[in-house]
Amino acid sequence: MTSSDFSAVLPLVIVASSACLLLIVDLYVPHGRKGITGLLAAAGLAAAMAVTLVQSRQPQQAFGGMVLADGFAAFLQCVFLIAGIVGIALAYDYLRRMGIERGEYYALMMFVIVGMMLMAMAGDLIVVFLGLETLSIPLYVLAGFARPRPDSEESAMKYFILGAFASSFEVYGIALVFGAAHTTGFQGIVQAVQLGRVDHVLLLIGAALILVSLGFKVAAVPFHMWTPDVYQGAPSPVTAFMSVAVKAAGFAALLRVFLVAFPGLAAEWMPAAMALSALTMIWGNIAAIAQSNIKRLLAYSSIAHAGYILMALPAAAVGRVAPEAVSGALFYLLAYAVTNLGAWGVVVALESAEGKGLLLDDYAGLGARRPGLALAMAVFMFSLTGVPPTIGFIGKFYLFRAVLDAGLVWLAILGVVTSLISAYYYLRVVVVMYMKLGDPVVRSEGWLNLTVGLMALGTFVFGLLPGPLLALAGRAGFWVFGP
Amino acid sequence: MNVPTNYVVALSAVLFTIGVVGVLIRRNAILAFMSVELMLNAANLAFIAYARALQDMSGQVFVFFVIAVAAAEVAVGLALIVAIFKTKHSIDVDELSSLKG
Amino acid sequence: MTTDLAVFLFLAAIAILAAISMLFARNSVYSALFLVLNLATVAVLYLLLNAAFIAMVQVTVYTGAIMVLFLFVIMLLGSQQAGTGPDLPWQMPVAITLGLALMATLVYALLGRPSLALASQAVLQGFGSPQAVGELLFSRYLLPFEATSVLLLAAMVGAIALTRDEPEGKPR
Amino acid sequence: MLLREVVQGWGLFAYAPLIVGLPILGLLINMVLGRRLGERFTAIVASGAVGLSFVVACLQLAALLGHPEGARVPVADWITVGGLDVAWAIKVDTLSATMMLMVTGVSTLIHIYAYGYMHEDVRLNGDPGRFTRFFVYFNLFVAAMMILVSGDSFLTLFVGWEGVGLCSYLLIGFWFEKGKDGIGNALAAKKAFIVNRIGDLGFLLAMFLTFWTFKSLQFDRVFESAQALGAAAGGTITVITLFLLVGAAGKSAQIPLYVWLPDAMAGPTPVSALIHAATMVTAGIYMIVRTHVLFQLAPISSNIVVIIGAATAFFAATIAVAQFDIKKVLAYSTISQLGFMIAAVGMGAYVAGMFHLVAHAFFKALLFLGSGSVIQGIEHGHHAVAGHGEASGHFDPQDMRNMGGLRGRMRVTFWVYLIGALALAGIPPLAGFFSKDEILASSASTNIVVYVVLAAAALMTAFYMGRQVLMVFFGSPRSEAAAHAHENPPIMTVPLMVLAGLSILGGALNLPGVDTLGRWLEHVLESAHAVPFNPLVAALSTAIALLAIGLAWLLYGRKPLLENQPDPLARDLGPAFVGMQHKWWVDELYDFLVVRRYVWLAGFLANTIDWSFWHNWFHDRVIAQSFRAGTRWMAESFDLPVIDGASARLAEWTRSTAEGLRRLQTGRVRNYGIYILAGLVVMMGYFLLRSLS
Amino acid sequence: MNSWFSILNMVAFFPLVGILVILLLPRERISLIRWTALITSLITFGLSLVMLAQFDRSNPDLQMVVRAPWIQVGTWTIEYHIGIDGLSILLVLLTTLLTPISILSTWTAIEERVKEFMAFFLLLEVGMVGVFLAQDLFLFYVFWEFTLVPMYFLIGIWGGPRRMYAAIKFFLYTMAGSILMLLAIVWLALQMGTFSVPDLIARGGIPLNIQTWLFLAFAAAFAIKVPMWPLHSWLPDAHVEAPTAGSVILAGVLLKMGTYGFLRFNIPLFPEATVRFAPWIAGLAVIGILYGAAVSYAQRDVKKLVAYSSVSHLGFVMLGLFALNPQGIQGGLLQMINHGLSTGALFLAVGMIYERRHTREFDAFGGLWKVMPVYAALTLIITLSSMGLPGLNGFVGEFTILLGAFGSQAIGSPWFAGLAAIGVILAAVYLLYMFQRMFMGPLDKEENKRLKDLGWREVVTLAPLLILIFWIGLYPAPFFNLISPSVGKLVAAVQTAALAAH
């Protein structure tokens, strides 16, 4: 291990070591004051974020190609870290309110982030797998963190069984890829394909297995069925974090693996990716309409958005468009993160200790009761719909640009049509908030308000002036293809 | 042992599939876990076979990692089962269906 | 048919039978024991495939530790016979059909691969030895190795978080 | 430009814009101050404004005597778009000046009369506050009429054309809460406007064609290039003129668009006199004369004009014979006379047409005002009998069957009415004789069939006028009201006397051989040829008129009608009389063919097509509900009975399919696993097939 | 003039200042909030008059352009690019005029959540002005979609009983069209490398078959907004449920965004396709004219009647625009203003009676002229304007449109204009019917006998519209002068392209 290796994984090291530190510190923090642990965790994440931003370096390989530290990774790391910090902020009062305030929460969340960061910078399938597991295992626990609430436990169990099931596919896929390409390093695979030393069929089957597993993580149809149940049952801050960061991590791996390692197979996986994307957009959006529980609604919305981001994959299969498509996906992930975290923040604010306050009807009258919060929620809903001037619109715009550039007009049309459908259920939230009478029970907690406010501001301001973020995403997209 | 690698891998595929089916048809959560273990085990077999055929130790190292991951999964999974058993007094996965729709 | 092949087929048959038995055993304890048998058989195969170290790990970690844990939990929960109500409709036939389709696809594809013959190659000195594995672990696979440590730590913390009783956790 | 320069540049023509401006000024003053300063003030302002307009018109006459070629006085730009360049400009030539003089003159008299009439009318109808409003509308009408006659282009003419239509609408609907079922007047007003609009459509289309054919809408330019193009544009010009004819038919109440005019009698009587007899309805004739250049280039159209005019003259006369409403008789008479004029201008006898137009304005205004005087007299009588208030049920003060014997009670009215009736009947030497005779002479020299039809119409004209005079004024009163009727104040009778004088002397305008009007209009109607006086025709006409009056006397004079006695004509004519009485059921026919069809169509489009089919079924049900149904397919958690208003089958179908697919999001992990596996198998199978093929 | 304090920026964004102030005011100070909103909108109107004063009416090109890079996406530069020319100046003025009028109309009508109402209303103004000023497709799209949001709230919160349904329907339908336009915009930029409308027009050269698709995609957005037959199904719902001020803006300005879109984008960007589609669009427009008129006639709810009449009136506008000659386009452009004035005023009038009687059914009225003479007289004038009586504004527009369409080479047959002219009759039929049912006939409803005539505030609300109705009707020259150079340029460009295509 050289110093450059070390610097490449520095943010990761920071997060991991602060997680360990947290475990120790937590022992000395008395019950009822676990918030301190949360603050420390947030500090750790912030530090990692600072390092990531400062580093912002040339793409480099570390650990003999195991790790690709580049703009792509850095961009996504920022998304993870933001999601993590928000996850902590949302949990800060929530945990106490729900009576599940335990120091492990923060440590586990940081372990999840370590896993995600590994996935984002993976240069080798084995690292992808380990990252995935490091991400998943603590997340299973987090989903069940509200035990003994049955919903939470059920959610954890479902997530666990299906998660383990899906990751087994990945392991098997990696094995087959290893057999086919004689290596699991991305570059090795590419070289092998170029040199023709590779068993094509074997590689394809391996790729299919990996696609299933990653498709599961990003909640692509038909591997999405866990999503609504798990999102509903898990504690809301966890869901918030999960819906954003896990999806981002899944896409990080998906884009990396398929664009860096398997570009040679594009002819085969591109139609599959298109089909997945189309199915996901359709199913997610349509199923969301029938939901009356806000968490399930947002879960289906999250599925739908996975469909949009998935469009980037087939688009990127067209070599010329690839950097653009990847940037589009990255930006969309960020946009989705900002918006969705905010929306979940509002959900957290309305959820009461008994797990009530999650029905759409519980939002009636929010516009009159808490205009600020309702306005923020409206902004998030419009952003998720893709109405300008919000960041969600810019995200869709940027993504559709790549898709159209790749010539996938029908996919783009499907995308816009389904986003029209999505307007229906997003607007319903707004309708209920503003146009129905009711007296919702709403929390007003400092961190929560701040977070929601910041996210709303971000959604709006970056919708008007997305320039810097677009530039970042643009560079990150180009760097994924290495020097 | 002098057996074509394909045979070994095919065996792993069969075991893998049995694991897959096991997850899907057994309602006992513990059995589902065990089936997952079977799947992982099948993958390991494939790794080892390829490692042997390619003369590449990497495959064996992967197996090492997979076993470690499996251990971690089992630890968490069993903890989860115990926790759920405490509240529901059942480990039938089909009874975990209050979240749906 | 060479001896090796005969041995392989024998072991394969045991492994598959053990796996299937695990699947259909009524009692979870039996299932666990069948799985142990399966794992042990596979460990033998590892040994035959020049992976001595991994075979040892398999026996100690899997059969030794993990399966004991399983058995322990089964006994603890007294849940040998979970699931008595009617099964989900269609679940079984659909799962088995799809499973067979998967198996057919995989086996068809894998058997049709250009054979990677095992015999022709002489095994390198120290292939599969603990030392070789260790060297790889600490050089090329240092990062995954470290990651695994984090993973195990996380799992540990998670397991504790899931099972620890908390008398004071009172909802506000 | 300073006024002085203007005056220097244009001479007296510079004052022409005032002819429009004064009535507008008058109406503005009345709008602002009228209600505060009382009826007298209002009436003086309104009449004064129109009177001054008359003075201005006289000034134009004077100016034209010096410069008979006339002038175009631009006021402001209006529409300048692309090649279209229309200005607000006043065209003063002998033709428009004739109209100006006639309109402002008659208007002034009627304004004065209306002061007296409306003073009573608003009280009889119970809303004195509307007095001012009446004069505002009246002034507005004069302004619009002036725009009409002075416009220098089709478009400005059209402004006046629609403007007078509007005033007509407002004035017919003046007592908008009265009439049959309380809504009759409003409906009549609406009918008038809409039927006029149908004519206007023709006018509009004519304008479009004109513009794209001649690249202008200004009369002079259009006529110039039309003459230049001549036969080359013959077809187009024919079409243009036919469309113009539609416009004229609408405004001048010709077949088939005359139906609005009888209903228009719902307006107060001065309105009927001014708008629906003397001025507005002649706009169609004026327009045809104005565009005679085009009509001369389109012989087919001219012939159709003649046919329409003659047919209308005859047809309307038949109806007039059998009416009992004093104003309805006059209304159909007006239609009939307008038919005469239309026929005349169609034959190219423009001067004759204009002559009859002016003469008719005098005596028909007289007749209407006289009838108003009669009606008000009867109403007074009625009130005197029934006491005050409107309560007295079904009494109709306009029904001639309720009159009789008014000769003694309303002497002035009787005499002037008699003069008007004789003038209309065509008894020499009254105005009507000369003007109608000129038309008959023209027709005799062009087409004998037309002559016969017109002569027949003239016969009926004399007959129904005789019938009317006899029924109203002779015999003995057939109702208490008639018995108590009394003469109206001088403010009403003096204008009547003036008009009577004009009806007597009007013939002097264009005496045979002198042709004052002909020479005067020569400057506009270069090509107009005067038909020489035909003594035979004149004698025949006089004979016909006398015969008809004699006939009327035989039926109605010898043995005056008694109360509740049926019309003797009904016995003599049998079914034909019923037809005449019911106006040949044309209104019913139109109602059946057009109105009900449209109401049905609109209702069908709105309720069935647009709302039930398009809005409710297609958008709300097909789009929205198939959407919701599909949704339920995928995520069964929604209460199915919620499908509100869905047809039972659709609901059933949705329910059963949703039931069948209930397992999709079951909450069972193992089901979810199946999907993952299925996805994998499909994808892997696809990959394998792709890589193998 | 590349200053951030350019007059155009001021016009577009000044209402934001008002919003800020309103947001800072406590919500109980209703009257203060109303005054703030009114004054803000009046100042905005004043600023737009300054803009008018600076406008060079002889110049057909964009003026007062503000152009600065905004967002860099890949190789594209999305610009903040606004400017004004003859095509848009009247619409901007209309917007800034109708906004204070609408705000004034809410004085007593809106009592709840005034703060939000005013904020949304001013926000809407920003969006609308932005739509008319934007010269960059992306910027345009942003404003275009943005207007949906406040309007959606205006309908949804302050609307009638079915407001939620109407609001969502409004949003979804409009969005349905515009997302296709978004794709077309992206596609266009991908091919041409720029979003700048003037640059795109100057560059030209899009092959005809591609123009066809792009034309249709843009048209989808605009036609729904207009709305052209048969895409009008959202309109009656939105209008009937919207509060009066919302209806005024919806009819007065938002619908014009559709026709403006055709004029600003479809026609110059895709001239060949425009020429090709002109007869089809004209056909739809004529159907819309007649259909809208017939359907209006069958309505028994005044507001719904007026709503359907918009379908008919905007059919005229579309017919004029696609006549592709100066008469038609200038007439169409002027008719947009006319419709904004007269239909806006009609909605105001309907709102006034609704406020008194809380119903809009014909059956509830009759004979109102007797108790409310001022109201009746003003409504009559507006009605007459709406049905195109010469001397009032509607006629000038309709006449020029029909004249243009009659001789249009692009439409190719006088039949379209001929049939459309029947709409003039039908307009009289339904409008006079409305007037008759409301104001004429006996005053036989007890509730109506005590109705108060208009107060000074209501008269002031209507007065500016009435003045303009007469002004445009009698002396439209200043208005035509503003628009004719730009229209001339547009027509020349289209005709060149059409010639080149043949």
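So the protein lines, in turn, are chains P, W, L, X and D.
If you want the working numbering, it's the 1-based position in the first sequence plus 17.
If you want the working numbering, it's the 1-based position in the second sequence plus 4.
If you want the working numbering, it's the 1-based position in the third sequence plus 493.
If you want the working numbering, it's the 1-based position in the fourth sequence plus 15.
Going by the working numbering, 176 is the number at position 190 of the fifth sequence; the sequence numbering is gapless.
Think of the CB as a built atom: it goes at the ideal place given N, C-alpha and C, for glycine as much as any other residue.
Query raised in the report: How many Å lie between D/L378 and X/A332 at the Cα?
Result: As a working mapping, residue 378 of chain D is identified with position 392 in the fifth sequence. As a working mapping, residue 332 of chain X is identified with position 317 in the fourth sequence. If I take the Cα positions, the gap works out to 38 Å.
Query raised in the report: What in chain X is Cβ-close to W/S101, meaning under 7 Å?
Result: Walking along the second sequence from the start, residue 101 of chain W turns up at place 97. Neighbours of W/S101 on chain X, chain order: T681, G682 and R683.
Query - Alpha-carbon spacing of D/I192 relative to D/A175, whole angstroms - result: Stepping through the fifth sequence from its first residue, residue 192 of chain D is reached at position 206. Stepping through the fifth sequence from its first residue, residue 175 of chain D is reached at position 189. If I take the Cα positions, the gap works out to 12 Å.
Query raised in the report: Who are the Cβ neighbours of L/I653 in its own chain at under 7 Å, not counting the five residues just before and after it?
Result: Along the third sequence, one-based indexing puts residue 653 of chain L at 160. None.
Query raised in the report: Going by the beta-carbon positions, is the gap between W/K104 and P/P165 smaller than 8 Å?
Result: Counted from its first residue, the second sequence places residue 104 of chain W at position 100. Counted from its first residue, the first sequence places residue 165 of chain P at position 148. Not a contact, by the Cβ cut-off of 8 Å.
Query raised in the report: chain X beta carbons: is any one of them nearer than 8 Å to that of L/A505?
Result: Counting from 1 along the third sequence, the entry for residue 505 of chain L is found at position 12. For L/A505, the answer is no, since every Cβ of chain X falls outside 8 Å of its Cβ.
Query - Paired residues, beta bridge with D/I64 - DSSP - result: Counting from 1 along the fifth sequence, the entry for residue 64 of chain D is found at position 78. D/I64 pairs with D/I57.
Query - Min CB distance L/R606 to chain W below 8 Å - result: Translated into positions along the third sequence, residue 606 of chain L becomes position 113. With 8 Å as the cut-off, L/R606 counts as an interface residue toward chain W.
Requested in this report: Could you tell me whether any Cβ in chain D is nearer than 8 Å to the Cβ of P/M394?
Outcome: By one-based count along the first sequence, residue 394 of chain P stands at place 377. P/M394 does not count as touching chain D.
Query raised in the report: Taking 8 Å as the CB-CB cut-off, is L/V529 touching chain P?
Result: Counting from 1 along the third sequence, the entry for residue 529 of chain L is found at position 36. Answer no: the Cβ-Cβ gap between L/V529 and chain P never drops below 8 Å.
Query raised in the report: Between L/V552 and chain W, is there a C-beta pair that is closer than 8 Å?
Result: Taking the third sequence and counting its residues from 1, the one referred to as residue 552 of chain L is at position 59. So no, L/V552 is outside the interface.
Report task. Measuring alpha carbon to alpha carbon, tell me which of W/S101, W/I88, W/V78 and W/M61 ends up nearest W/M38. Result -> Mapped onto the second sequence, residue 38 of chain W falls at position 34. Measuring from the Cα of W/M38, the nearest candidate turns out to be W/V78.
Report task. Measuring alpha carbon to alpha carbon, tell me which of P/F177, P/G55, P/S294 and P/I206 ends up nearest P/V238. Result -> Working through the first sequence from its first residue, we reach residue 238 of chain P at position 221. It is P/S294 whose Cα lies nearest to the Cα of P/V238.
Query - Start-end ranges of the beta strand (DSSP E) lying completely within the segment 215 to 294 of chain D, minimum 3 residues - result: none
Query raised in the report: Can you list the alpha helix (DSSP H) stretches of 4 or more residues lying completely in the segment 304 to 353 of chain X, in chain order?
Result: 307 to 312 and 314 to 336
**Report entry** Residues that DSSP places opposite X/V88 in a beta bridge
**Finding:** Within the fourth sequence, numbered from 1, the residue matching residue 88 of chain X stands at position 73. Per DSSP, X/I105.
Query raised in the report: Is there contact between the segment 325 to 342 of chain P and the segment 283 to 294 of chain P, where contact requires at least three CB pairs shorter than 8 Å?
Result: yes
Query raised in the report: Using CA coordinates, which residue listed in P/K453, P/A289 and P/F89 is at the minimum distance from P/R135?
Result: Counting from 1 along the first sequence, the entry for residue 135 of chain P is found at position 118. With the sequence shown as reference, residue 135 of chain P is identified as Leu, and Arg is not the correct amino acid for it. Minimum Cα distance to P/L135 is reached at P/F89.
Query - Contact set between the segment 125 to 159 of chain P and chain W, restricted to residues whose Cβ is under 7 Å from the partner - result: I143, L147, E150, I154, Y157 and V158
Report task. May I have the straight-line CA-CA distance separating X/R148 from X/M46, to the nearest angstrom? Result -> For the purposes of this step, residue 148 of chain X is taken as residue 133 along the fourth sequence, with counting starting at 1. For the purposes of this step, residue 46 of chain X is taken as residue 31 along the fourth sequence, with counting starting at 1. X/R148 and X/M46: Cα-Cα distance of roughly 8 Å.
Requested in this report: Keeping to the same chain, check which residues put their C-beta closer than 6 Å to that of X/V121; ignore five residues upstream and five downstream.
Outcome: Residue numbering aside, residue 121 of chain X sits at position 106 when the fourth sequence is read from its first letter. Cβ neighbours of X/V121 beyond the five flanking positions: A293, A376 and A380.
Requested in this report: Taking X/I638 as the reference, give the member of D/I64, D/D223, D/T92 and D/Y159 with the closest Cα.
Outcome: Walking along the fourth sequence from the start, residue 638 of chain X turns up at place 623. The candidate whose alpha carbon is nearest that of X/I638 is D/Y159.
**Report entry** Per-residue burial, P/S21 [other beta carbons within 10 Å of its own, 16 or more giving buried]
**Finding:** If you number the first sequence from 1, residue 21 of chain P lands on position 4. It is exposed - the Cβ of P/S21 has fewer than 16 other Cβ atoms within 10 Å.
Query raised in the report: List, in order along the chain, the chain L residues whose C-beta lies closer than 7 Å to that of W/T91?
Result: As a first step, residue 91 of chain W must be located in the second sequence, where it is residue number 87. Under the 7 Å cutoff, chain L gives no residues; its nearest Cβ is about 12 Å from W/T91.
Report task. Starting from L/Y539, find everything on chain W with Cβ-Cβ shorter than 7 Å and list it in chain order. Result -> On the third sequence, residue 539 of chain L is found 46 positions in, with the first residue counted as 1. Those within 7 Å of L/Y539 in chain W are I52.
Query - Nonlocal neighbours in the same chain, by C-beta distance under 6 Å from D/F30, ignoring five residues either side - result: In the fifth sequence, the residue the question calls residue 30 of chain D occupies position 44. The amino acid at residue 30 of chain D is misidentified as Phe; the sequence shows Thr. So the list reads F0, P1 and T82, once near-sequence residues are dropped.
**Report entry** Unbroken alpha helix (DSSP H) run spanning P/V218, endpoints
**Finding:** Residue 218 of chain P sits at position 201 when you count from the first residue of the first sequence. Looking at the DSSP string, the run of the alpha helix (DSSP H) that includes P/V218 is H217 to V235.
Query raised in the report: Can you pull the DSSP bridge partners for X/Q483?
Result: Residue numbering aside, residue 483 of chain X sits at position 468 when the fourth sequence is read from its first letter. Bridge partners of X/Q483: none, in fact.
Query raised in the report: Does any CB atom of chain X fall closer than 8 Å to the CB of W/D96?
Result: Along the second sequence, one-based indexing puts residue 96 of chain W at 92. W/D96 does not count as touching chain X.
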